[in-house]
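Participant: Following this message is one structure expressed as structure tokens.
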Amino acid sequence: MRGRRLSWPRGGGRLLATLLGDWGWALRRGALSLCLGLSLLPALAQAQTREQAQTQRQPGPIEARQRYGPKGVPAMVLRSTTDIKVLGPTIDDFVARNPGVAVDFQQWGSNDLYAATARDCDAGRPAADAVLSSAVQQMVELVNRACAQPYRSSLTASLPAARRWRDEIWGVTLEPAVIIYNTHLVPAADVPRTRFALLDLMRRSDRRYDGKIATYDIEASGLGYLFAFEDSLEASTFGSLIEGFSRAHAVATCCSAEIIKGVSDGTYKIAYNVLGSYVNARRDPGVGVVLPLDYTLVLSRGYMIPRGAGHAAWAERLVDFLLSPAGQQDLSRAGLVMVSRTDEGTPPESVLRPIAITPVLLVALDAQKRAQFIRRWRDVFGR
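Sequential numbering of the sequence shown, starting at 361, is according to my numbering.
The following block contains the structure:
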């Protein structure tokens, strides 16, 4: 898909997980919103259900697929937005530790995965045994619609409250949203360490970055929508960023891989709000990475077991593995539990803004709010 206009150097560092602790900041931030928002949940759920009934899309094709484990036995179906090449080694380790278990790993786009899971739920015929998605607002909405079945173990119960909800969705990764840049085309003095610095670049009179800044297309990417919506709640700079994207003829495009490749080959010089784990997986010395020092959003991918899953016991075993020390080590090696490998080392805890997996995320899916948000986005990117 063509976009439309609108360093992570090797090294050590400690796990961001050690900085995030119990995600207390996220809970403090969400407490007031939660108190206000819970009274609106029935209305939000009804509004979203009406929107789905009117506009529900046909799920698109599976992007990639791979089987792990022994042949000749039924396989549990794992549907995920995570690239197979990134998560595959972790699944390989899981099946190696669980003889007789096989996994049919299907890679989906976030919006298509949401549509397929919702449709299966409505029909009462789950086609997946586990769903793992970066678009956690969509996952919370599915749980709120009773599309998931509960499970509790010592590992799931030990998660911070902001990384689990109703024992039906669990955050299994820790991944920052970062700014990336082409190390050959962006001078050191121009590398934006904050959103304010990025704004300054977009306002330059020499137009050096005109048409050379990219971000997610929030209509095509559930993750991109989540990051943009969180920005709108978090940042006093959000309105200025939108104006800056318009001024600099920024490009909105669908996917992490496309954005990172575009920065690497010079199609773009800078990209904003890219999921850091995918940058880490490429290990491209030509792509520099910054965790913004004004604040850095941190995503935890949501895992759920669809209600009525045929291999629910295997799905339960998988989530326990992902949360175990061995699984977390695998995810860390895959870049999904982030070891900081940025230009400036591990950022202070005060700049980290974890996205809590709570009903507050339902506000992002309210039909009226979403329509207003999309209209504003279309105005900027000329649709």
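Using N, Cα and C, we set each Cβ at its ideal position, and we do this for glycine too.
Please list, in chain order, all residues of the same chain as Met-562 whose beta carbon is under 8 Å from its beta carbon, the five residues on each side excluded.
Facilitator: Around Met-562: Tyr-569, Ile-573, Gly-604, Phe-605, Arg-607, Ala-608 and Ala-610.
Participant: Can you list, in chain order, the residues of its chain whose CB lies under 6 Å from that of Arg-512, leaving out five sequence neighbours each side?
Facilitator: So the list reads Asp-527, once near-sequence residues are dropped.
Participant: When DSSP builds the beta bridges, which residues end up paired with Trp-530?
Facilitator: BP columns for Trp-530 point to Arg-524 and Tyr-663.
Participant: Would you mind reading off the limits of the alpha helix (DSSP H) that contains Gln-688?
Facilitator: Element bounds for Gln-688: 685-693.
Participant: Provide the residue(s) that pair with Glu-535 in DSSP beta bridges, ordered along the chain.
Facilitator: Its beta-bridge partners are Leu-659.
Participant: Alpha carbons only, please: which of Asp-654, Arg-667 and Glu-676 is nearest the one belonging to Ala-557?
Facilitator: Closest by alpha carbon: Asp-654.
Participant: Quick check: the Cα distance between Gln-732 and Gln-498, rounded to an integer number of angstroms?
Facilitator: Rounded to the nearest angstrom, the two C-alpha atoms are 18 Å apart.
Participant: Report the three-state DSSP secondary structure of Met-436 (helix, strand or coil).
Facilitator: Residue state, collapsed to three classes: strand.
Participant: Verify whether the separation of the beta carbon atoms of Thr-543 and Val-634 is less than 8 Å.
Facilitator: No, the Cβ-Cβ distance between Thr-543 and Val-634 is not below 8 Å.
Participant: I'd like the ranges of any beta strand (DSSP E) spanning at least 3 consecutive residues and lying wholly in the segment 620-644.
Facilitator: Runs of the beta strand (DSSP E) inside the segment 620-644: 630-635.
Participant: For the alpha helix (DSSP H) that Gly-604 lies in, which residues bound it at each end?
Facilitator: Counting along the chain, the alpha helix (DSSP H) containing Gly-604 begins and ends at 598-607.
Participant: Let's test the definition: count the other Cβ atoms within 10 Å of the Cβ of Gly-429 and tell me whether it reaches 16, buried, or not, exposed.
Facilitator: Buried.
Participant: Excluding the 5 residues flanking Asp-489 on each side, which residues of the same chain have their C-beta closer than 8 Å to its C-beta?
Facilitator: The answer, listed in chain order, is Met-436, Val-437, Leu-438, Ile-665, Pro-666, Ala-669, Gly-670, His-671, Ala-672, Trp-674 and Ala-675.
Participant: I'd like the list of long-range same chain contacts for Leu-583, defined as Cβ closer than 7 Å, with 5 residues on each side in sequence excluded.
Facilitator: Ser-470, Ser-494, Ala-495, Tyr-576 and Leu-635.
Participant: Quick test of the definition: if touching needs 3 or more C-beta pairs under 8 Å, does the segment 453-473 touch the segment 620-627?
Facilitator: No contact exists between the segment 453-473 and the segment 620-627.
Participant: Whole angstroms is fine: what's the gap from Ile-578's alpha carbon to Trp-737's?
Facilitator: Roughly 8 Å between the two C-alpha positions.
Participant: Do you know whose CA, among Thr-597, Glu-535, Ala-506 and Ser-518, lies nearest Pro-685's CA?
Facilitator: Cα-wise, what sits closest to Pro-685 is Ser-518.
Participant: In angstroms with no decimal places, state the Cα-to-Cα distance between Glu-501 and Val-551.
Facilitator: For Glu-501 and Val-551, the distance between alpha carbons rounds to 37 Å.
Participant: Here's the rule I'm using: 16 or more other beta-carbon atoms within 10 Å means buried, otherwise exposed. How should Gly-432 be labelled?
Facilitator: So Gly-432 ends up on the exposed side.
Participant: For a quick check, are the C-beta atoms of Val-658 and Leu-712 less than 8 Å apart?
Facilitator: Yes, Cβ-Cβ distance for Val-658 and Leu-712 is below 8 Å.
Participant: Label Pro-434 either buried or exposed according to how many other C-beta atoms from any shown protein chain fall within 10 Å of its C-beta, with 16 as the threshold for buried.
Facilitator: Exposed, by the Cβ-count rule.
Participant: Let me check understanding here. Comparing Cα to Cα, which of Arg-523, Thr-516 and Ala-483 lies closest to Ala-506?
Facilitator: Ala-506 has its Cα closest to that of Ala-483, out of Arg-523, Thr-516 and Ala-483.
Participant: Count the other C-beta atoms from every protein chain shown that fall within 10 angstroms of the C-beta of Gln-689, then say buried if there are 16 or more, exposed otherwise.
Facilitator: Answer is exposed; the Cβ neighbour count stays below 16.
Participant: For the beta strand (DSSP E) that Tyr-428 lies in, which residues bound it at each end?
Facilitator: Counting along the chain, the beta strand (DSSP E) containing Tyr-428 begins and ends at 424-428.
Participant: On the CB-based measure, 16 or more other CB atoms within 10 Å of its CB, does Pro-652 come out buried or exposed?
Facilitator: The residue in question, Pro-652, is buried, as its Cβ has 16 or more Cβ neighbours within 10 Å.
Participant: Would you mind sorting Lys-629 into buried or exposed? The rule is 16 or more other CB atoms within 10 Å of its CB.
Facilitator: With 16 or more other Cβ atoms within 10 Å, it is buried.
Participant: Considering only DSSP beta bridges, list what Gly-648 is partnered with.
Facilitator: Looking at the DSSP assignment, Gly-648 forms a beta bridge with Tyr-541.
Participant: Give the straight-line distance between the Cα atoms of Asp-726 and Ile-540, rounded to the nearest whole angstrom.
Facilitator: Whole-angstrom Cα-Cα distance: 31 Å.
Participant: So, with DSSP's three-state summary, where would you put Ser-514?
Facilitator: Note: Ser-514 maps to helix in three-state DSSP.
Participant: Tyr-576 bridges to which residues according to DSSP?
Facilitator: Its beta-bridge partners are Thr-613.
Participant: Where Pro-616 and Tyr-638 are concerned, what is the direct C-alpha to C-alpha distance, given to the nearest angstrom?
Facilitator: What sits at residue 616 in the sequence shown is Ser, not Pro. Distance between the alpha carbons of Ser-616 and Tyr-638: 7 Å.
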